[in-house]
Amino acid sequence: LAFLFLLLLFMETIADQQQYVFQEDKKTLTPEQRKNHPRKSIRDGFLQVGLFLYSRHPNYFAEQALWVVVFLFTVHGFYINYSCVGCILLILLFQGSMAFSESITLSKYPSYADYQATTSQCIPTSKRFRKPKSYKTEWNIFHFHYWYWYWYGRGFLIIIIVLVLVFLVVVDIAMYIDTH
86 LAFLFLLLLF METIADQQQY VFQEDKKTLT PEQRKNHPRK SIRDGFLQVG
136 LFLYSRHPNY FAEQALWVVV FLFTVHGFYI NYSCVGCILL ILLFQGSMAF
186 SESITLSKYP SYADYQATTS QCIPTSKRFR KPKSYKTEWN IFHFHYWYWY
236 WYGRGFLIII IVLVLVFLVV VDIAMYIDTH
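This is the structure:
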């Protein structure tokens with residue numbers, strides 16, 4: 086767990102640094118220079134390279150995963166302490182923050198919709214697992230791709246965490262009842 090924590094901390098630091106350097110570069114250019122810039126990210130107005138090639142919010146993913154690891158440090162066997170509440174609330178806060186920041190970015194940069202359509206919101210994925218650019222969402226509930234992309238792009242991590250935590254609470258309660 087300690088190695089995973091350090092890996093996630095490193096990932097968050099790299100993503101934050103990439104975003105900082107990008108924003109600083111963008112600030113030094115006039116709107117006309119941005120329009121004609123050789124880098125696509127500068128022309129579009131938002132970062133799409135580095136870790137942001139794999140996730141629209143790699144720094145948010147790393148931060149949320151860090152807190153899950155911190156919580157996992159406190160779990161001993163099947164006994165659960167209730168520090169999971171803080172972890173869940175933090176993840177929910179990040180989900181709201183991502184939705185808010187994406188709505189702002191989409192209103193400022195119309196090409197962000199293409200980036201949203203082809204890049205995972207939170208969980209970093211390789212190109213092989215990404216949604217194709219031409220993909221259109223079908224509202225047929227029996228269509229595999231609809232469910233897969235709906236959950237995958239919208240906080241699949243939260244669902245898994247909540248299910249694991251519910252399981253741990255149920256096991257904890259069952260063990261408490263069994264011992265009393």
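So that you can map any letter, position 139 of the sequence shown is 224 in the numbering used here, and since no number is skipped, the others follow by simple counting. The beta carbon of each residue, even a glycine, is placed where N, CA and C say it ideally should be. All figures in this text were calculated on a predicted structure; none of them were measured in a lab.
Going by DSSP, G171 is part of the alpha helix (DSSP H) stretching over 169-193. By a beta-carbon distance limit of 8 Å, L86 contacts L157. Their separation comes to about 6 Å.
Counting the other CB atoms within 10 Å of its CB gives V154 a total of 16 or more, which places it among the buried residues. Here the C-alpha atom of R128 lies approximately 25 Å from the C-alpha atom of S182.
Pairing L191 with A198 gives a Cβ-Cβ distance under 8 Å. The shortest CA-to-CA distance from G135 to any of S188, L250, S211 is the one to S211.
Annotation for V106: the continuous alpha helix (DSSP H) segment containing it runs 87-112. E109 is classed as exposed because its beta carbon has fewer than 16 other beta carbons within 10 Å across all chains shown. Distance between V160 and L177, taken at the CA atoms: about 21 Å.
Between Y194 and F131, the CB-CB gap stays under 8 Å.
CA-CA distance, F107 to S140, rounds to 16 Å. Taking C-alpha positions only, T204 is separated from S126 by approximately 14 Å. If the five residues before and after S168 are omitted, its C-beta is found closer than 7 Å to the C-beta atoms of F156, T159, all from its own chain and listed in chain order. DSSP places S126 in the uninterrupted alpha helix (DSSP H) bounded by 125-129. By the neighbour-count definition (other C-beta atoms within 10 Å, threshold 16), P143 is a buried residue.
Judged by DSSP secondary structure, T203 falls within the alpha helix (DSSP H) whose first and last residues are 197-203.
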